[in-house]
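Structure first, then comments.
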Amino acid sequence: AAEVRKLAERSQVAAQEIGELAASSVGKAGRAGQLLDEIVPSIGKTAELVQEIAAASNEQSVGTGQINTAMGQLSLNTQQNAAASEELSATAEEMSAQATELLQLMAVFQVAVRESARRPGKAATAVPRTRQTPAAPASPVETDYVRF
Numbered sequence: 026a027a028e029v030r031k032l033a034e035r036s037q038v039a040a041q042e043i044g045e046l047a048a049s050s051v052g053k054a055g056r057a058g059q060l061l062d063e064i065v066p067s068i069g070k071t072a073e074l075v076q077e078i079a080a081a082s083n084e085q086s087v088g089t090g091q092i093n094t095a096m097g098q099l100s101l102n103t104q105q106n107a108a109a110s111e112e113l114s115a116t117a118e119e120m121s122a123q124a125t126e127l128l129q130l131m132a133v134f135q136v137a138v139r140e141s142a143r144r145p146g147k148a149a150t151a152v153p154r155t156r157q158t159p160a161a162p163a164s165p166v167e168t169d170y171v172r173f
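Right under this line is the structure:
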């Protein structure tokens, strides 16, 4: 009988401990439920933000592609402009050489001026060769082109 009493007392103590553990577990489960209720809306917001970030990343990717395309076109235009500049430079050099050659060819010509009404004691005057256009003379004169 003493052993049965001891066993009953131990069972009672164990039952009390189990009850306390169960009550504690229920309290912790309730607190966990409250925390989950608080976390679920935050998780939804986080998911929405992740979707917005993904959409923004896609837009940035498209924008970056467009920028790359534009940069390629700019590079091509720059290369074409450089080639055109080189052609223009070569043409300018060729025109300069042709102008020099034309000046050399024209150097064999000289413009002589004589007065239309010769006056005694006055000699005909020659117009000096210059690159500038000579001013019109004050008196009427005739111009002869003489080849040397």
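Residue numbers for the sequence shown, in our numbering: 26 to 173.
Just so it is clear, CB atoms sit at the ideal spot from N, CA and C, and this is done for glycine as well.
- Straight through space, the alpha carbons of Q135 and E126 are spaced by roughly 17 angstroms.
- The alpha-carbon separation between M96 and A107 amounts to approximately 16 angstroms.
- Judged by DSSP in its simplified three-state form, A40 adopts helix.
- Straight across, the Cα-Cα distance linking Q129 with E119 is about 15 angstroms.
- Assigned with DSSP and collapsed to three states, A26 falls in coil, not helix or strand.
- Note on geometry: alpha-carbon atoms of E42 and A33 lie some 14 angstroms from one another.
- Straight-line measurement puts the Cα of T94 at about 33 angstroms from the Cα of T116.
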